[in-house]
Structures are given as structure tokens and as C-alpha cells.
């Protein structure tokens, strides 16, 4: 596991039904808006990424990445488009953004 991901906490991913036991439903052409609380200890800047896979395997090379936008108070948001009738999986990854932290600290 990368060092920057150890300190990042991800909670309250939505939409989520029964802790992921049941799938959400969308039709082709609809967007799925995913939100999550992403935070870390300390003053480091963080970034969040939405990972989406269109098949049922969890192979790393099959994940598409969408940068998430900070919408306030540790809440992050991104969306993806359902293109066809398929099983989609999504996850949220949080990382320490070393470059953004350096830029922020340099300005002090």
C-alpha cells in the first residue's frame, strides 16, 4: 500500500444500498453521482478519485479514473455515465496530494 493512502479515511460513500449488498439501478444514458467523505489527519492536502469498472472483475487495469471535486466539509463528488446495460462497480480512492501540499506550504 502506498504511504499516502494509509492516512486517508473514506466514509459514507453514496449511493450505496445495504453497505453494497444490493446494486443501485440506472438505465443507459443516466449519470451516477458518487459522493464520499474523504479526510486525513494533519494539514496535508488530499485528493480523491472515483474508480469505475464496467465488468465484474476487480482487475486494476480495468478501472477508469474520474477526479473527484471537493464540495465542502470533507465531502467529495464525481459522476460517471452509464453507457450500456452492464454491471458497473465503483470505488473511491483517497491520496495525500504531496504537490498541492508543497505549493500551499510554499505560499506561507
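Residue numbers (our numbering): 1249 to 1356.
Glycine residues also receive a C-beta, built at the ideal position from the N, C-alpha and C atoms.
Q: Look at the Cβ atom of residue 1353, then the Cβ atom of residue 1295, and state whether they are nearer than 8 Å.
A: Contact: no.
(Q) Measuring alpha carbon to alpha carbon, tell me which residue in 1333, 1324, 1257, 1335 is nearest residue 1290. (A) 1257
**Q.** Classification of residue 1333 by the beta-carbon crowding that lies within 10 angstroms, buried from 16 upward
**A.** Exposed, since its Cβ has fewer than 16 Cβ neighbours within 10 Å.
Q.
Within a Cβ cutoff of 6 Å, which residues of the same chain sit near residue 1339, ignoring the five residues on either side of it in sequence?
A. 1299
Q: May I have the straight-line CA-CA distance separating residue 1310 from residue 1329, to the nearest angstrom?
A: 16 Å
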